[in-house]
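These notes are about the structure you will find just below.
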Amino acid sequence: LALIQNTTPFKVFLNPTHTNTLGVAMICDLDKNTQEGKTLGYNEKGDFSFSYEEHANLASASLNQQEGTFLNYDKRVVPTNAALEFKGYFLNDLANALGFDEEYTINYTKRLPINKGFSPIDFDHLDNFYTNAGDCKRGYELNLECFKQVAKKEFISPNFENLNPKEDEILLYSANPSYQFGRFSNRASAINEVIFLGVSENLAKEKNLKDKDLVKLKIKDKELSLSVRVDKDIKNGAFLPYFDEKLDTLSFFDERFVVANLEKLGANHE
-13 LALIQNTTPF
-3 KVFLNPTHTN
7 TLGVAMICDL
17 DKNTQEGKTL
27 GYNEKGDFSF
37 SYEEHANLAS
47 ASLNQQEGTF
57 LNYDKRVVPT
67 NAALEFKGYF
77 LNDLANALGF
87 DEEYTINYTK
97 RLPINKGFSP
107 IDFDHLDNFY
117 TNAGDCKRGY
127 ELNLECFKQV
137 AKKEFISPNF
147 ENLNPKEDEI
157 LLYSANPSYQ
167 FGRFSNRASA
177 INEVIFLGVS
187 ENLAKEKNLK
197 DKDLVKLKIK
207 DKELSLSVRV
217 DKDIKNGAFL
227 PYFDEKLDTL
237 SFFDERFVVA
247 NLEKLGANHE
């Protein structure tokens, strides 16, 4: 992607999957080896879930019910203020239960790691406005100097051995349609819908599929029956969205692309 942006007129835009996905990725590292034990899901499903969603074991504040910051796709640390009242627990309460001692979550704003590009600025000192000319003055831009690297200029070919679909299989991509920004957007009455399998026109023709056909997907030990939607905006392949908060389709994927078994259902295909 960096090669495309540096050598062509195209600008590569990476859209974070959720509100603060980018911010969390900047300051957190995953262990190479998974460990046994229970998981705490913060706005995600886990053995114990601390979330604003219906499946939560303990309710947390949503973005418009708390003060804090998040890192947006322009790589700006922007503040958010409470627009709605919330009588419950905040992320700060969870931190204090683990041994920290801060009165408010925003007390951590100035303690975000400098070596990750953040600045030691108090939350109350962050700007939060646009100029009359439309220039953004919210928060501050992340310092990207600490992330500069010297390119190795070598190409490592991906391993495509496990991504060669057989006759009854398809290459499946984990992605939302462009108008669905996440689980919250699907709550809007104008675009609320059930999950579907998006397929390209050429794949639909190859598999003899049309809109609203019912199919069954099999990925390892998981199965899912859903309807087909032919998408004219994609050139090949298929995608499985993850905007439906009632259905955890992300658990079907170990990588962004997987090979899935596809079976057409119906009167002549049951």
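Take the sequence shown: its position 32, counting from 1, is numbered 18 in the numbering used here, and each next residue is one higher. From the three backbone atoms N, C-alpha and C, an ideal C-beta is built for every residue, glycine too. Computed from a predicted structure; not experimentally measured.
Beta-carbon separation (whole angstroms), residue i vs residue j, contact threshold 8 Å
| i | j | result |
| --- | --- | --- |
| SER46 | PHE36 | 5 Å |
| ASN129 | GLY103 | 4 Å |
| ASP110 | ARG124 | ASP110 to ARG124, Cβ: 14 Å. No contact. |
| TYR75 | LEU44 | 6 Å |
Separation of residue j from residue i, as counted between CA atoms
| i | j | result |
| --- | --- | --- |
| ALA69 | SER160 | 33 Å |
| ALA163 | ASP240 | Correcting the residue type first, residue 163 is Pro in the shown sequence and not Ala. The straight-line gap from Cα to Cα measures roughly 20 Å. |
| GLN52 | PHE72 | 8 Å |
| LEU212 | PRO2 | 26 Å |
| GLU313 | PHE167 | With the chain running from -13 to 256 in the structure shown, residue 313 is simply not present. |
| CYS122 | THR20 | 41 Å |
| LEU158 | ALA81 | 38 Å |
| THR117 | ASN188 | 48 Å |
| VAL244 | VAL136 | 32 Å |
For residue i, three-class secondary structure by DSSP
| i | result |
| --- | --- |
| ILE92 | helix |
| LYS191 | helix |
| VAL201 | strand |
| LYS152 | coil |
| VAL214 | strand |
| LEU0 | coil |
| GLU131 | helix |
| PHE72 | coil |
| GLY54 | strand |
| ALA81 | helix |
| LEU112 | coil |
| ASN254 | Only weak support is given to the placement of ASN254: the predicted model assigns it a pLDDT of 49, under 50, and the question is left unresolved by the model. |
| GLY300 | Here the chain comprises residues numbered -13 to 256, so residue 300 is not present and cannot be evaluated. |
| THR20 | coil |
| SER237 | helix |
| ARG62 | strand |
Opposing strand residues paired with residue i [DSSP bridges]
| i | result |
| --- | --- |
| LYS208 | ILE205 |
| PHE86 | DSSP lists no partner for PHE86. |
| ASN247 | GLU155, LYS204 |
| ALA45 | SER37 |
| GLY184 | ARG215, PHE225 |
| SER160 | LEU226 |
Chain C contact for residue i (CB, 8 Å cutoff)
| i | result |
| --- | --- |
| LYS31 | Judged by its chain identifiers, the structure shown contains no chain C, having just a single protein chain. |
Distance cut-off 7 Å: residue i Cβ against heavy atoms of the ligand HEM
| i | result |
| --- | --- |
| ASN93 | The ligand HEM is not part of this structure, which contains no ligands at all. |
Exercise. When the Cβ atoms of the segment 199 to 209 are set against those of the segment 224 to 243, are three or more pairs found closer than 8 Å?
Worked result: yes
Exercise. Touch check for the segment 24 to 40 and the segment 81 to 98: three-plus C-beta pairs under 8 Å?
Worked result: Verdict: no, contact absent.
Exercise. Does the count of Cβ pairs from the segment 172 to 180 and the segment 197 to 205 closer than 8 Å reach three?
Worked result: no
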